[in-house]
């Protein structure tokens, strides 16, 4: 059975990992074609190496990593470092790692922020499933301005 | 037959991949000397590892990757991370990956933005073809201030 | 016996290494299941390669690195470079390195800053222990807005 | 015969490659001890992988890469990405690649900018020659505030 | 006999390499236990690959690299790229490379700047020696707020 990894953090303010895992459970083939693996690390800067280990040592075909960078300037620099690490981890393993970051300053309303967490975690978990098993779902949405967390931006006017 | 890869995204707001593929179809030797391979990933941060996989597993000689970063500050940081990933993917494979990014803030006019998408996607696809099969087309344009998406900047006055 | 590494610097203004080592000494299994290794380098930009050497040559399973970036703009750039290095060191060794940085501008009060140093060094040392021997401690705190150095941020309201 | 590579771009607004090649032609041993290899790529972000390929596949001992970043903010980010790529290409090949970038905003006067292009391209080509065959030329200028493109800055007062 | 490398630049405005070499000459064991190797490169962006080559091809156990970034914004970006390169060179070789950069804007007074060059070059050369042969010198200064170039910052108040 193939494996999809999910890694979340202790520092995030919403349990996005549970949302991602639940979404994957509802995808076709769960428990037959693929299974999930879950780990929690302290903060989002610990995600990259954990994902690399999950791929290399646990055989995950794809990993969804979830974190929530804070509002301060230093948090933004840390998030950039974390993202670079996730990028390298992908390139060193030639395996996709879907980064699901919800920035605390995306909304001042805790309810809205929580809703973004849920939507983005679930949509990216679904993307991970599509990338492995239904790539045509992505192809037919090419250039359509799809968004995760908020409403879709939609496509530009088509040049004739 | 050799292969040129084209990867676009679901988040972009114009179907640039189709433009690039169409341009390649019109190049000499299409279907005989070279063929194309197409894939769609969720967003532009997923392009780098997908391009690396296309080169290493599908034998692409060159890949054109297309994306559309948004206007927000966080989008610019993400675009930078994506570009760094594309740079590393090239260096790890010693294979060119042509990055075609149209930034949403290049124009406020959706019609102009769409025109930039078409022009830049096609010109870079043509560059990919030239790099593989007609490198002299590039050499004779060296230092000429060529641009993609907008009008050429042109050369500076020549020192005698 | 397994090893946990601790590396601190001469440039930092608080002896955080001693705090981390003391915390590890108080963890279950110290001296039986695992031991510690300690090194001091000049500044925080020397931490990454030292951690890599500790992992590759001394067999450390995890390393805690501690530094204190100054207030000037150039210090922030250096801290970013140091953090990137620590990220690469993790990816090149597939081994976690926990970065414990206390920024001098986190507080103007030397007493508060010293307290942050102690708390963050000890909490991250404990995290290192958890990652190796009690990963469930992390999992049960997933998405809880835990913080090190200051009070916890706590979780967002739960979506029903 | 050893080889020195020269790579320029189609997007640059001055034919700096020809200047660099001409300078190398005038160096002692040209055509006997060393020869040159020339390539043109679309833009400066394509230089890094092209230089790596020239070193690994064509056996170049050193490569001079020339580009001209534009004035916009996005151009500066791209130039940074290109420079990082050139840095990695050097480290992955353990071979020097001399980056010759003339930024369009170094002067508002096209004549001055053209003069900077010529001077910097030639001086760096000469440096490439020195690095391979006359390293003492560099040693005797250590700490002298030498500049390329504009007048030398000169040394600080000597501490007795 | 072991080797310590020293690399300086032609673009720097003070001959820091000579200071570093002189300091190493005065360390215990010079000429018996260890020797020095010296090279000059054009600018600070050429230091990283030169240091990597010194380690891999000349067997240096540690390298001290010295440069002087200018005041302009573009110089700061270049210094960042150079520092990242030095970081990667360390990680790819698992060997320390001590970066000694004096920024031209650290003082407007040329005499002060020259004094910083001398002090920082010598202190870092001494650090290189300590790292190899007297690591206890570093350990006993852990967390003491030591500085190079200017006066020490000193430690924060100790938490009881």
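Residue numbers (the numbering used here), protein chains in the order written: chain B, 619 to 778; chain E, 619 to 778; chain P, 619 to 778; chain C, 619 to 778; chain F, 619 to 778. Cβ atoms here follow ideal geometry from the backbone N, Cα and C, with glycine treated the same way.
When the cut-off is 9 Å and only beta carbons count, does residue i lie next to chain B?
{"i": "residue 656 (chain P)", "result": "no"}
{"i": "residue 689 (chain P)", "result": "no"}
{"i": "residue 718 (chain E)", "result": "no"}
{"i": "residue 664 (chain E)", "result": "yes"}
{"i": "residue 700 (chain E)", "result": "yes"}
{"i": "residue 806 (chain P)", "result": "Nothing about residue 806 (chain P) can be reported from this structure: the residues present for chain P run from 619 to 778 only."}
Listing by chain order, which chain E residues have their CB less than 7 Å from the CB of residue i?
{"i": "residue 764 (chain B)", "result": "628 and 629"}
{"i": "residue 571 (chain C)", "result": "The displayed coordinates of chain C run from 619 to 778. Any statement about residue 571 (chain C) would go beyond what the structure contains."}
Does residue i get closer than 9 Å to chain C when you measure Cβ to Cβ?
{"i": "residue 620 (chain E)", "result": "no"}
{"i": "residue 736 (chain F)", "result": "yes"}
{"i": "residue 777 (chain E)", "result": "yes"}
{"i": "residue 676 (chain F)", "result": "no"}
Taking residue i as the query, report the chain E residues whose CB atoms sit under 9 Å from its CB, ordered along the chain.
{"i": "residue 713 (chain B)", "result": "667 and 671"}
Does the beta carbon of residue i come closer than 9 Å to any beta carbon on chain F?
{"i": "residue 679 (chain C)", "result": "no"}
{"i": "residue 643 (chain P)", "result": "no"}
{"i": "residue 760 (chain C)", "result": "yes"}
Considering Cα atoms alone, identify which of the options is closest to residue i.
{"i": "residue 637 (chain C)", "options": "C:775, C:742, C:665 and C:649", "result": "C:742"}
{"i": "residue 745 (chain B)", "options": "B:737, B:756, B:733 and B:701", "result": "B:756"}
{"i": "residue 688 (chain E)", "options": "E:632, E:648 and E:750", "result": "E:632"}
{"i": "residue 708 (chain P)", "options": "B:694, B:665 and B:750", "result": "B:665"}
{"i": "residue 749 (chain P)", "options": "B:736, B:658, B:673 and B:650", "result": "B:658"}
{"i": "residue 726 (chain F)", "options": "C:651, C:693 and C:775", "result": "C:775"}
{"i": "residue 669 (chain F)", "options": "F:695, F:714, F:694 and F:650", "result": "F:714"}
{"i": "residue 671 (chain C)", "options": "E:698, E:625 and E:710", "result": "E:710"}
{"i": "residue 730 (chain F)", "options": "F:769, F:693, F:619 and F:627", "result": "F:769"}
{"i": "residue 728 (chain C)", "options": "E:702, E:695, E:747 and E:772", "result": "E:772"}
{"i": "residue 754 (chain E)", "options": "C:660, C:690, C:697 and C:645", "result": "C:660"}
{"i": "residue 619 (chain E)", "options": "E:644, E:645 and E:652", "result": "E:652"}
Does chain E have any CB closer than 9 Å to the CB of residue i?
{"i": "residue 685 (chain B)", "result": "no"}
Run down chain F in chain order and give the residues with a C-beta less than 7 Å from the C-beta of residue i.
{"i": "residue 773 (chain C)", "result": "631 and 632"}
{"i": "residue 728 (chain P)", "result": "774 and 775"}
Would you mind telling me which residues of chain P sit closer than 8 Å to residue i, beta carbon to beta carbon, in chain order?
{"i": "residue 757 (chain F)", "result": "656, 657 and 658"}
Give the residues of chain C in contact with residue i, contact being defined as C-beta atoms less than 7 Å apart.
{"i": "residue 731 (chain F)", "result": "774"}
{"i": "residue 739 (chain E)", "result": "Within chain C, no residue comes near residue 739 (chain E); the closest Cβ sits about 14 Å away, beyond 7 Å."}
With a threshold of 9 Å between beta carbons, is residue i in contact with chain P?
{"i": "residue 623 (chain F)", "result": "no"}
{"i": "residue 682 (chain B)", "result": "no"}
{"i": "residue 746 (chain B)", "result": "no"}
{"i": "residue 753 (chain F)", "result": "yes"}
Since I believe residue j is in contact with residue i (beta carbons under 8 Å), could you give me their beta-carbon distance rounded to a whole number of angstroms?
{"i": "residue 722 (chain B)", "j": "residue 734 (chain B)", "result": "Rounded, the Cβ-Cβ distance is 10 Å, inconsistent with contact."}
{"i": "residue 700 (chain E)", "j": "residue 677 (chain E)", "result": "24 Å between Cβ atoms; not a contact."}
{"i": "residue 655 (chain B)", "j": "residue 621 (chain B)", "result": "5 Å"}
{"i": "residue 648 (chain C)", "j": "residue 642 (chain C)", "result": "6 Å"}
{"i": "residue 767 (chain F)", "j": "residue 738 (chain F)", "result": "4 Å"}
{"i": "residue 764 (chain C)", "j": "residue 629 (chain F)", "result": "6 Å"}
{"i": "residue 732 (chain B)", "j": "residue 777 (chain P)", "result": "5 Å"}
{"i": "residue 717 (chain F)", "j": "residue 683 (chain F)", "result": "6 Å"}
{"i": "residue 761 (chain P)", "j": "residue 626 (chain B)", "result": "6 Å"}
{"i": "residue 635 (chain C)", "j": "residue 681 (chain C)", "result": "No, residue 635 (chain C) and residue 681 (chain C) are not in contact; Cβ-Cβ is about 12 Å, not under 8 Å."}
Which residues of chain B have a Cβ atom closer than 8 Å to the Cβ of residue i, listed in chain order?
{"i": "residue 635 (chain E)", "result": "760 and 761"}
Under 8 Å: does the beta carbon of residue i sit that close to some heavy atom of the ligand GTP?
{"i": "residue 768 (chain C)", "result": "Judged by which ligands are present, the structure shown has none, so any question about the ligand GTP falls away."}
*asked:* Please give the ranges of any beta strand (DSSP E) in the region 654-700 of chain F, keeping only runs that are unbroken, at least 3 residues long and fully inside the region.
replied: 680-685
_alpha helix (DSSP H) runs wholly inside the region 718-767 of chain E, at least 4 long, in chain order_ = 728-751 and 753-757
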